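>
Residue numbers (the working numbering), protein chains in the order written: chain A, 6 to 330; chain B, 130 to 490.
#1: Within this structure, are the beta carbons of residue 248 of chain A and residue 309 of chain A separated by less than 8 Å?
#2: Can you list the alpha helix (DSSP H) stretches of 4 or more residues lying completely in the stretch 219–251 of chain B, in chain order?
#3: Using a beta-carbon distance cut-off of less than 8 Å, what residues from the stretch 342–355 of chain B approach chain A?
#4: What alpha helix (DSSP H) runs, 4 residues minimum, are completely inside the stretch 107–181 of chain A?
#5: Taking contact to mean 3 or more Cβ pairs, one atom from each stretch, closer than 8 Å, check whether the stretch 335–349 of chain B and the stretch 313–322 of chain A are in contact.
#6: Taking DSSP's pairing of strands, which residues face residue 361 of chain B in a bridge?
#7: Tell me the residue span of the alpha helix (DSSP H) that contains residue 60 of chain A.
#8: Could I get the ranges of all uninterrupted alpha helix (DSSP H) runs contained in the stretch 340–423 of chain B, with 4 residues as the minimum, in chain order?
#9: Do the stretch 271–283 of chain A and the stretch 87–107 of chain A make contact, defined as three or more Cβ pairs closer than 8 Å?
#10: Please report the straight-line C-alpha distance between residue 433 of chain B and residue 176 of chain B, rounded to a whole angstrom.
#11: Between the stretch 198–205 of chain B and the stretch 173–189 of chain B, are three or more C-beta pairs nearer than 8 Å?
#12: Tell me whether the stretch 465–483 of chain B and the stretch 394–408 of chain B touch, counting them as touching only if at least three CB pairs, one residue from each stretch, are closer than 8 Å.
#13: Below 7 Å on C-beta distance, what does residue 173 of chain A contact in chain B?
#14: State the beta-bridge partners of residue 168 of chain B as determined by DSSP.
#15: Per DSSP, what are the beta-bridge partners of residue 486 of chain B in this structure?
#16: Between the Cα of residue 184 of chain A and the Cα atoms of A:148, A:67, A:83 and A:205, which residue gives the shortest distance?
#17: Looking at chain A, is there any beta carbon in it that lies within less than 8 Å of the beta carbon of residue 427 of chain B?
#18: Taking the CB atoms as reference points, tell me whether residue 262 of chain B and residue 374 of chain B lie closer together than 8 Å.
#19: Within the chosen definition, does the stretch 302–322 of chain B reach the stretch 280–294 of chain A through at least 3 CB pairs nearer than 8 Å?
#20: Considering just the uninterrupted stretch of the alpha helix (DSSP H) at residue 315 of chain B, what are its terminal residues?
#21: Check this for me: beta carbons of residue 235 of chain A and residue 201 of chain A, under 8 Å apart or not?
#22: Nearest to residue 182 of chain A by CA position, among A:300, A:99 and A:305, is which residue?
#23: For residue 248 of chain A, report the span of its alpha helix (DSSP H) as first-last.
#24: Taking 8 Å as the threshold (beta carbon to beta carbon), is residue 189 of chain A in contact with chain B?
#25: By Cβ distance below 7 Å, which residues in the same chain neighbour residue 158 of chain B in space, the five residues on each side in sequence not counted?
#26: Which first and last residues belong to the alpha helix (DSSP H) in which residue 286 of chain B is found?
#27: With a threshold of 8 Å between beta carbons, is residue 244 of chain B in contact with chain A?
#28: Determine the DSSP secondary structure at residue 448 of chain B, reduced to helix, strand or coil.
#29: Taking Cβ positions only, does residue 222 of chain A come closer than 8 Å to chain B?
#30: Can you list, in chain order, the residues of its chain whose CB lies under 7 Å from that of residue 421 of chain B, leaving out five sequence neighbours each side?
#31: Between the Cα of residue 363 of chain A and those of A:242, A:291, A:302 and A:305, spot the shortest distance and give me the residue it belongs to.
#32: Where does residue 82 of chain A fall in DSSP's three states?
#33: In three-state DSSP terms, what is residue 464 of chain B?
#34: Assuming residue 249 of chain B and residue 182 of chain B are in contact, meaning their beta carbons sit under 8 Å apart, how far apart are those beta carbons, in whole angstroms?
#35: Quick check: is the beta carbon of residue 290 of chain A nearer than 8 Å to any beta carbon in chain B?
#36: Between residue 389 of chain B and chain A, is the shortest Cβ-Cβ distance under 8 Å, so that the two count as touching?
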C-alpha cells in the first residue's frame with residue numbers, strides 16, 4: 006500500500022508522505038516479526054519434541070502408536086491406550102457440550118428476554134476463567150459422589166445391556182472425565198457461537214420470518230446455516246481445549262493404561278500421563294517415551310485441527326453465505 | 130520442647146567453631162574461599178521437601194549460608210546432579226550403577242531421614258479394629274488375586290474381625306513417586322510373583338485398580354469408596370487421621386506404622402563398614418521394625434572440585450546429622466536416623482574430599 010502510494014507520486018513525493026511510508030515500513034516489519042514468532046515457536050516446539058523423543062523413536066518406531074504396554078519398570082512403552090483415551094474423552098465431551106452450548110447460544114441470541122441475555126452470557130464466560138485444578142477438585146468432591154451414587158447406577162439400570170455401561174462403578178472413569186471436560190469446554194463453544202450468531206445480519210432473520218417461517222424454522226433454516234462455519238470454529242476451539250486438558254482429567258479419569266469398552270472403567274489420556282510421570286521419570290528411555298507421547302499429542306492435535314479446517318472449507322465452498330471467520 | 134531448644138542453641142554456638150576449624154585446616158590460600166561461598170543450590174525429591182526447607186531455613190539463621198532447594202522430583206534431582214547444574218541432588222530412589230558411572234562414581238548417598246508408607250483402607254464395618262496384613266497378602270491384593278475382603282487369606286490374619294463380603298478396590302499413585310517405589314520395592318522382596326510380573330519403580334504397570342494423583346488423591350479416593358485400599362506416606366496418614374493397617378514384618382511381628390517403628394527398621398540394618406548407603410530397608414526384621422520404610426538421600430560429590438563449596442556442604446551435613454536437626458525431623462513427622470546410622474554417616478562425612486585432598490577439620 007505504502008509502496009504503491011509513493012510510486013504513484015512520481016518525482017518528488019511530499020515529505021510527509023515519505024515519512025509516513027518509513028513509519029509504515031517499520032510498523033510492517035514489527036508486525037511481520039510478531040507474526041513470524043508463532044510459526045517459529047511451533048517449529049522449535051516440534052524440533053525439541055523430536056529430539057527429546059529420538060531415543061524412543063529409535064527403539065519403538067511407529068509401533069509405539071499401536072502398542073498397549075506401558076511398563077516403566079521393564080522399559081516397554083506403547084501409547085495406544087493413551088491415544089484412544091484422549092480421542093474418546095474429547096469426543097464424548099463434545100458430544101455432550103456441543104448440543105448444550107449451541108442450545109444456550111441460540112436461546113441467548115434468539116429467544117431469551119433482553120434483560121437475561123447479557124448477564125447469562127457473562128456468567129457462562131466466567132466459567133472459562135475457572136482454573137482447571139478447581140474443576141478437578143470440584144469433580145472429586147462434588148461431581149464424582151453424585152455420579153457414583155446416582156447417575157451411573159441409573160445409567161446402568163437403564164442401558165446396562167450395552168457394553169458401555171457395564172462393570173463395576175468406581176467413580177473415576179472415562180465418563181466422569183468426559184463430563185468434566187464437557188463442562189470445561191462449554192463456555193468456549195457457547196461464547197464463540199453466541200458472537201457468531203449475533204453477527205448474523207438481522208435482514209437474514211427478518212427475511213425468514215417475513216416468508217412465514219416460525220421462530221424454529223428461522224433458526225434452523227436461516228440463522229444457524231449462515232453462522233455454520235463460525236460455529237464449527239467454536240467447536241474446534243473447544244476440541245483443542247479438550248484434547249490438551251490435563252489437570253482436571255487426571256484427577257477424574259482413574260489413570261489406567263487400558264482400553265475398556267465400559268465408560269465406567271478408568272482410562273488415561275496423553276496429557277495426563279505426561280503430567281503424572283514426567284517429574285519422577287529417571288530412566289532416559291522413560292523420559293524419551295514421554296516426549297514421544299507429547300509428539301504424538303502434538304501430531305493428533307494438528308491432524309484434528311487440519312481435519313476441522315478442511316470441514317470448514319467444504320462447508321463454505323458449498324456456497325453458504327457468511328463463510329468468513 | 131525445652132530440651133530441644135537448648136540442644137539447638139548448643140549447635141548454633143558450635144557452628145562458628147566448625148567453620149574456624151575447617152578454615153584453619155585448609156591452609157592460608159583456601160582459608161578465605163570457604164567463607165566466600167554465598168550459597169548452595171540443590172534439587173530433587175519432593176517427599177522430604179518440607180524437612181529440607183525447614184533445615185535450610187534453620188541453617189541459614191544459624192550460619193548465614195543460604196541453601197536454595199527446588200523440589201522438582203527425584204528424577205530431576207539425579208539429572209541435575211549428573212549435569213552439574215546443582216551443588217547437591219536429592220532422591221528417594223538410590224542411583225543405579227550406570228547412573229553413578231555417568232558421574233564417574235563421584236557421588237555419595239547421604240541418608241537424611243526415613244519415610245514410611247502405610248496402607249489405608251475404607252472398611253466402616255471394622256469400626257476401630259485395626260486391620261493386620263502381611264506382605265504376601267498385600268502383594269496378592271495388588272496383583273488382583275485377592276479380590277474380596279472376606280478372602281480367607283485376609284481373615285486368617287485377622288481372626289475374629291468381621292470382614293465384609295465386598296470387592297477389594299485398589300488405589301495406586303498415578304504420578305511417579307518415591308512412595309510407589311518404597312511400596313513396590315517391599316512387594317518385590319516379599320513376593321516373587323510381584324517381582325516377576327510388576328517389579329519396583331516410581332511409575333509402574335499396575336495389574337489392577339485405579340490411579341489417583343498424589344497422597345491427597347489416593348486419600349480422597351479411599352475415603353469416598355467403601356472397600357478400597359491404597360497406600361500413602363506415613364506423615365500424610367498421621368496428619369489426616371486415616372485408618373491404616375498393621376503389617377507383619379519378616380519376623381512375623383505385626384507392627385503398627387509410626388515414626389518409632391520406621392526408625393527401628395533402619396536400626397536393624399546390618400551395615401557393611403564401607404557401605405555407600407544405597408541400602409533398601411524394606412522388609413526389615415528387627416524387633417518393632419515396620420517393613421515398608423526407606424531412607425531418602427542427598428547426593429553429594431565425594432570429591433568436590435570446588436573446595437569452598439565442598440567445605441560448605443560438609444559443614445551442613447555435620448549439622449544435619451546432629452540431634453538438633455534430627456529432632457526437627459520428628460517434629461515434622463519424619464522418622465529420624467537411628468544412632469548407629471548417624472555414626473556411620475558422620476564417619477563418611479569426615480572422609481569427604483575437595484579437589485583431591487581431605488577437607489580440613
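Where is the CB? At the ideal position from N, CA and C, for every residue including glycine.
Predicted, not measured: the structure shown is a model, and the values here were computed from it.
Judging by the given coordinates:
#1: Yes, they are a contact pair.
#2: Runs found: 226–231.
#3: Residues 342, 346, 349, 350, 353 and 354.
#4: Correct list: 119–132, 137–143 and 157–164.
#5: In this structure the stretch 335–349 of chain B does not touch the stretch 313–322 of chain A; the number of beta carbon pairs closer than 8 Å is below three.
#6: According to the DSSP secondary-structure assignment, residue 361 of chain B is paired through a beta bridge with B:247.
#7: Secondary structure note for residue 60 of chain A: its alpha helix (DSSP H) is the uninterrupted segment 59–65.
#8: Runs found: 343–353, 363–368 and 388–396.
#9: Segments in contact, yes.
#10: If I take the Cα positions, the gap works out to 26 Å.
#11: Contact between the stretch 198–205 of chain B and the stretch 173–189 of chain B is present: three or more C-beta pairs spanning the two stretches fall below 8 Å.
#12: Yes, the stretch 465–483 of chain B is in contact with the stretch 394–408 of chain B.
#13: Simply 296.
#14: Per DSSP, B:195.
#15: Answer is B:483, bridged to residue 486 of chain B.
#16: Selected option, being the one with the closest Cα: A:148.
#17: Chain A, which has no Cβ nearer than 8 Å to the Cβ of residue 427 of chain B, makes this no.
#18: Yes. Within cutoff.
#19: Yes: at least three Cβ pairs fall under 8 Å.
#20: Note, residue 315 of chain B: alpha helix (DSSP H), 307–319.
#21: Cβ distance < 8 Å, so residue 235 of chain A and residue 201 of chain A count as in contact.
#22: Ranking the options by Cα distance to residue 182 of chain A, first place goes to A:99.
#23: It spans 233–249 - the alpha helix (DSSP H) in which residue 248 of chain A sits, taken as one unbroken run.
#24: Taking Cβ atoms only, chain B never reaches closer than 8 Å to residue 189 of chain A, which makes this a no.
#25: Confidence in residue 158 of chain B is poor, its pLDDT being 36 and thus under 50, which makes the residue's placement too unreliable to answer from.
#26: Counting along the chain, the alpha helix (DSSP H) containing residue 286 of chain B begins and ends at 281–286.
#27: Closer than 8 Å: no.
#28: Residue 448 of chain B: helix per DSSP, three-state reduction.
#29: Taking Cβ atoms only, chain B never reaches closer than 8 Å to residue 222 of chain A, which makes this a no.
#30: Cβ within range, chain order: 245, 246, 311, 312, 315, 376 and 411.
#31: With chain A running from 6 to 330 in the structure shown, residue 363 of chain A is simply not present.
#32: In the structure shown, residue 82 of chain A sits in a strand (DSSP, three-state: E or B).
#33: Note: residue 464 of chain B maps to strand in three-state DSSP.
#34: Contact flag wrong, Cβ pair sits at about 26 Å.
#35: Answer no: the Cβ-Cβ gap between residue 290 of chain A and chain B never drops below 8 Å.
#36: By this cut-off, residue 389 of chain B is not an interface position.
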